[in-house]
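A.B. asks:
In the numbering used here, the protein residues as written are 13 to 270.
Here it is in structure tokens:
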């Protein structure tokens, strides 16, 4: 595998952005290990961070590079600050960046990456779980499979819980007036109920049973099933922490249709 730390310019955000990128690379067998490389049509996973993270956090807190070493899978880990993968009211267009510009940047810099929906995936934890599911619901033509680990998926239903995390000013800076989130393009439950399910990717949702936002994943799964989505929900012992995410990202990788 090759690990690249990329500093690229975003025309959408009008600033430098950081990406950690894992690319398959052919290596010789040494002491019983080797990795398989490929030069074109490489499957790609966009792996999104949570509120306290950045582009480097998956690489630092998990063994993601080792977990994908035999899968022929590229992993794109962008930094999107605290923007909730949303075009904010303060004119930072994190949604447009992640959904439209970032794939173009990656294909320009890494032309071996696939452009096929069937080999393009997104996953994330917490805030990144929200971002990944949002990508699957708003850009279903681009993704075959989406995974959320401990995702903050029910923001419209959980306003009181949001206000325990950060101030009202912060949340309204992201989404606008809190009373207007429900039924908007940032309300995942609304998107679930309005998307033509025949166009939707597959979904995998997981959360630790001791996680304070466990019900967000359970409720979102319920709504997806009611609306006919192909969704898997699995849980297990764990809290909102890297012990859980390091374990369950491996299960996500095994679930992806590679």
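Even glycine gets a Cβ: it sits at the ideal position worked out from N, Cα and C.
Within 10 angstroms of its Cβ, does residue 88 collect 16 or more other Cβ (buried), or is it exposed?
C.D. replies: Buried, because 16 or more other Cβ atoms sit within 10 Å of the Cβ of residue 88.
A.B. asks: Mind listing, in chain order, the continuous beta strand (DSSP E) runs of no fewer than 3 residues lying wholly within the segment 138–163?
C.D. replies: DSSP runs (the beta strand (DSSP E)) wholly in the segment 138–163: 157–161.
A.B. asks: Just how far apart, CA to CA, sit residue 28 and residue 93?
C.D. replies: Whole-angstrom Cα-Cα distance: 12 Å.
A.B. asks: Can you tell me where the beta strand (DSSP E) holding residue 27 begins and where it ends?
C.D. replies: Counting along the chain, the beta strand (DSSP E) containing residue 27 begins and ends at 27–35.
A.B. asks: Compute the distance between the beta-carbons of residue 108 and residue 18, then report whether it is under 7 Å.
C.D. replies: Contact flag unset, no.
A.B. asks: Between 228, 33, 233, which has its C-alpha nearest residue 121's C-alpha?
C.D. replies: For the residues 228, 33, 233, the minimum Cα distance to residue 121 belongs to 33.
A.B. asks: Report the option in 21, 247, 57, 22 whose CA atom is closest to the CA atom of residue 35.
C.D. replies: Looking at the Cα atoms, 57 is the closest of the given residues.
A.B. asks: Please state whether the Cβ-Cβ distance between residue 209 and residue 240 is less than 7 Å.
C.D. replies: A contact, by the Cβ cut-off of 7 Å.
A.B. asks: Ordered along the chain, which non-local residues of its own chain (more than five positions away) have a Cβ less than 6 Å from that of residue 59?
C.D. replies: Closer than 6 Å at Cβ, skipping near neighbours: 70, 87, 89, 135.
A.B. asks: Just to confirm, are residue 177 and residue 215 a CB contact at a threshold of 7 Å?
C.D. replies: Going by C-beta atoms, residue 177 is not nearer than 7 Å to residue 215.
A.B. asks: Whose CA, out of 97, 130, 26, lies closest to the CA of residue 213?
C.D. replies: Of the listed residues, the one whose Cα sits closest to residue 213 is 130.
A.B. asks: Going by DSSP in three states, residue 181 sits in which element: helix, strand or coil?
C.D. replies: Of the three classes helix, strand and coil, the one that applies to residue 181 here is helix, per DSSP.
A.B. asks: Closest by CA to residue 26, which one among 205, 103, 15?
C.D. replies: Selected option, being the one with the closest Cα: 103.
A.B. asks: Could you tell me which of 81, 53, 76, 64 sits nearest to residue 260, measuring between CA atoms?
C.D. replies: When each option's Cα is compared against that of residue 260, the closest is 76.
A.B. asks: Quick test of the definition: if touching needs 3 or more C-beta pairs under 8 Å, does the segment 234–250 touch the segment 177–187?
C.D. replies: Taking 8 Å as the limit for Cβ pairs, the verdict is that the segment 177–187 does not touch the segment 234–250.
A.B. asks: Pick out whichever of 147, 179, 153 has its Cα sitting closest to the Cα of residue 127.
C.D. replies: If we check each option's Cα against that of residue 127, 153 comes out closest.
A.B. asks: Using a Cβ cut-off of 7 Å (strictly closer), state whether residue 267 contacts chain B.
C.D. replies: Structure shown: chain B not included; a single protein chain is present.
A.B. asks: Report the three-state DSSP secondary structure of residue 247 (helix, strand or coil).
C.D. replies: Residue 247: strand per DSSP, three-state reduction.
A.B. asks: Can you tell me where the beta strand (DSSP E) holding residue 256 begins and where it ends?
C.D. replies: Premise fails: residue 256 lies in the alpha helix (DSSP H), 254–267, not in any beta strand (DSSP E).
A.B. asks: Taking 7 Å as the cut-off, decide whether the C-beta atoms of residue 249 and residue 218 are in contact.
C.D. replies: Cβ distance not < 7 Å, so residue 249 and residue 218 don't count as in contact.
A.B. asks: Under a three-way DSSP split, which group does residue 233 fall into?
C.D. replies: If DSSP states are grouped into helix, strand and coil, residue 233 belongs with the helices.
A.B. asks: What's the call for residue 180, buried or exposed, on a 16-neighbour Cβ count within 10 Å?
C.D. replies: The residue is exposed, with fewer than 16 neighbouring Cβ atoms inside 10 Å.
A.B. asks: Thinking residue 165 and residue 232 are a contact (beta carbons under 8 Å), I'd like their distance in whole angstroms, please.
C.D. replies: About 4 Å separates the two Cβ atoms, so the contact holds.
A.B. asks: Can the beta-carbon of residue 62 be found closer than 7 Å to that of residue 174?
C.D. replies: Contact flag unset, no.
A.B. asks: Could you give the distance in angstroms between the alpha-carbon of residue 105 and the alpha-carbon of residue 167?
C.D. replies: So the alpha carbons of these two residues sit roughly 19 Å apart.
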